[in-house]
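In the order they appear, the protein sequences are chains A and B.
Be aware that the first sequence starts at 38, since it is given in my numbering, and climbs by one per residue.
Be aware that the second sequence starts at 132, since it is given in my numbering, and climbs by one per residue.
Have a look at the structure below before the remarks.
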Amino acid sequence: MPACEDQVLTLGALVDGELDAANSALVEAHVARCDGCREELERLQAVRNLLRIDGVRHRSPAGLQARIAALPELSARSSSDRSRMVRWLAPGIVGALAASLAMVAFVGPLQQQSALDSQLVSSHVRSLQPGHLTDVQTTNQHIVKPWFNGKIDFAPPVPELADQGFPLAGGRLDSIEGKTVAAIVYHRRLHTVNLFVWRGAAIGGRRPVEDGFAIDEWSEDGLNFAAVSDIPAQELRQFEGLYRSRAGLRPGAG
Amino acid sequence: MLFSGRSGRGTASASHGPGRANEFRRLVLPHFDGAYNFARYLTRDPVLSDDVVQDAFVRAFRSFDQVRGTSYRAWLFAIVRNCCRTAQSGSSGKLRLVHESALSSDDARRVEEQADPAPSPEDELVRRSDAETLHQAIEALPEPFREAIVLRELEELSYAEIAQVTGVPIGTVMSRLSRGRSILAQLLLPPSENSDAERSVK
């Protein structure tokens with residue numbers, strides 16, 4: 038005798054402890070009179086007991102959790118180092134050492150920036166995974182630019198650079214330092230250029246190289262820009278110049 | 132002031148810099164095993180699972196600031212699920228994260244795992260093969276049923292949490308669970324005494 042059709046989901050909810058007391062009582066009363074539902078309930082319990090056998094739940098490989106927990110992306114290492122540095126230097130400040138003040142001002146931003154650089158590179162590398170690169174995939178700037186509307190609170194310029202060998206590939210949202218950023222994707226031959234754009238305190242113009250990836254950073258009109266790619270640094274600089282002039286932004290000096 | 136321009140940023144990162152990482156460790160990392168198990172059943176691929184879980188934790192840490200008033204576990208599992216989707220949507224099974232390359236030690240570990248276990252009592256062997264049968268049965272479920280079953284039966288999420296992870300209404304969660312369980316029952320349980328329909332199948 039099969040279970041009552043209208044009771045099947047309720048029986049599951051009973052097994053799962055998702056019914057309140059009143060409904061549990063109702064179902065239990067029904068089960069007491071209905072063989073089909075009692076049998077169904079027993080089967081549900083039997084399946085559950087089987088699934089509770091040791092080893093059904095996959096155990097993570099030894100060391101994986103520790104390895105992931107130790108990823109630089111999961112630590113605030115740079116900022117904690119920096120605050121330790123400030124604490125360490127405090128007596129020096131009291132001792133009126135201008136040099137240590139200079140160091141605080143100097144070391145802080147430096148570490149912050151290298152943390153930023155490694156995040157940019159990580160994002161770039163992650164974006165190269167299959168399916169990660171673009172949320173809106175098009176070579177049309179008039180599609181990419183409006184796509185960002187409402188997703189971020191600024192409008193990144195999306196100039197067309199195909200005639201200069203940097204065809205537009207699309208755009209996506211990414212996250213840098215906990216902020217949502219626009220990532221505009223250009224291609225260069227077989228390479229990818231990720232241009233991250235976000236609003237924030239100006240980072241100024243820098244051209245670091247992180248893990249072999251060239252980065253080009255500049256700030257303009259309250260926005261920060263960071264182009265990341267594995268193309269040669271000179272080509273990336275060329276990209277920056279083209280982007281800034283086509284975007285109607287002031288080219289050069291960065 | 133020499134560093135007045137930086138002081139705002141400095142204070143901000145001191146308050147939710149290391150503190151943020153600690154909070155993440157306290158609230159999210161405890162769900163690591165669950166995240167792994169979930170990824171493992173979604174991808175059905177041990178190697179891919181490692182990458183997916185790593186990707187998921189990196190993403191989770193980045194958007195950790197934006198989580199408010201929700202089940203951290205459900206939030207994390209939703210990220211794991213997205214990462215599985217992404218990993219599988221591309222060239223299936225070919226994904227490899229490049230930015231963390233502990234691959235050689237991983238490979239060694241995997242080889243060890245595949246080697247015969249040290250002499251173990253017979254009941255241990257029996258239990259292993261039971262678990263193996265169950266793995267296969269669960270993996271054979273179509274994905275919507277599989278994820279509901281894993282989240283409910285193995286990870287013990289509530290209906291509301293499963294709904295949050297899978298993005299469907301609770302009613303759908305209930306019917307998926309029901310369907311999943313009935314498939315598992317047919318695969319794993321002896322045909323029920325009273326059920327003519329199921330006896331005839333056998």
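Beta carbons are placed, not taken as given, at the ideal position from N, Cα and C, and that holds for glycine.
Which of helix, strand or coil DSSP assigns to residue i
i	result
residue 192 (chain B)	helix
residue 238 (chain A)	coil
residue 212 (chain A)	strand
residue 166 (chain A)	coil
residue 293 (chain B)	helix
residue 177 (chain A)	coil
residue 90 (chain A)	coil
residue 203 (chain A)	strand
residue 220 (chain A)	strand
residue 288 (chain B)	coil
residue 333 (chain B)	With a pLDDT of only 37 at residue 333 (chain B), under 50, the local geometry of the prediction cannot be trusted, and the value read off the model is given with reservation. Three-state result, residue 333 (chain B): coil.
residue 171 (chain A)	coil
residue 154 (chain B)	helix
residue 230 (chain A)	strand
residue 270 (chain B)	helix
residue 243 (chain A)	strand
residue 225 (chain A)	strand
residue 237 (chain B)	Note that residue 237 (chain B) scores 49 on pLDDT, short of 50, meaning its location in the model is unreliable; the coordinates nonetheless yield the value given after this. Looking at residue 237 (chain B) - three-state DSSP - the assignment turns out to be helix.
Residue i, enclosing beta strand (DSSP E) - first and last residue
i	result
residue 265 (chain A)	260-266
residue 257 (chain A)	250-257
Span of the alpha helix (DSSP H), counted from its first residue to its last, around residue i
i	result
residue 218 (chain B)	203-220
residue 58 (chain A)	58-70
residue 271 (chain A)	270-283
residue 304 (chain B)	301-319
residue 168 (chain B)	163-174
residue 105 (chain A)	101-106
residue 275 (chain B)	274-280
residue 46 (chain A)	45-52
8 Å CB neighbourhood of residue i in its chain, flanking five on each side removed
i	result
residue 295 (chain B)	201, 202, 205, 206 and 209
residue 256 (chain A)	239, 240, 241, 242 and 262
residue 158 (chain A)	247, 248, 250, 252 and 265
residue 39 (chain A)	73 and 77
residue 282 (chain B)	169, 208, 288, 292, 293, 296 and 297
residue 274 (chain A)	244 and 253
residue 174 (chain B)	180, 183, 215, 218 and 219
Residues near residue i by beta carbon distance below 6 Å, same chain, minus five either side
i	result
residue 254 (chain A)	240, 243 and 263
residue 318 (chain B)	268
residue 78 (chain A)	48 and 68
residue 161 (chain A)	231 and 265
Cβ-Cβ separation, residue j to residue i (assumed contact under 8 Å), whole Å
i	j	result
residue 172 (chain B)	residue 270 (chain B)	7 Å
residue 181 (chain A)	residue 207 (chain A)	6 Å
residue 96 (chain A)	residue 164 (chain B)	7 Å
residue 192 (chain A)	residue 320 (chain B)	With 8 Å as the limit, residue 192 (chain A) and residue 320 (chain B) do not qualify as a contact, their Cβ atoms being about 60 Å apart.
residue 211 (chain A)	residue 220 (chain A)	4 Å
residue 175 (chain A)	residue 209 (chain A)	Their Cβ separation, rounded to whole angstroms, is 12 Å, which puts residue 175 (chain A) and residue 209 (chain A) out of contact at 8 Å.
residue 98 (chain A)	residue 181 (chain B)	7 Å
residue 266 (chain B)	residue 93 (chain A)	7 Å
residue 183 (chain A)	residue 280 (chain A)	That belief does not hold up - the Cβ atoms of residue 183 (chain A) and residue 280 (chain A) are roughly 19 Å apart, past 8 Å.
residue 152 (chain B)	residue 211 (chain B)	So it is not a contact: roughly 20 Å between Cβ atoms.
residue 110 (chain A)	residue 192 (chain B)	6 Å
Close Cβ partners of residue i (< 7 Å) along its chain, the five nearest in sequence each way excluded
i	result
residue 50 (chain A)	56
residue 165 (chain A)	229
* Three CB pairs or more closer than 8 Å across the segment 101-111 of chain A and the segment 265-277 of chain B -> no
* Decide yes or no for the touch test of the segment 295-314 of chain B against the segment 174-188 of chain B: beta carbon pairs closer than 8 Å, at least 3 of them. => Pairwise C-beta distances place the segment 295-314 of chain B out of contact with the segment 174-188 of chain B, as fewer than three of them are shorter than 8 Å.
* Please determine if the segment 221-228 of chain A and the segment 201-212 of chain A are in contact, where contact requires at least 3 C-beta pairs separated by less than 8 Å. => yes
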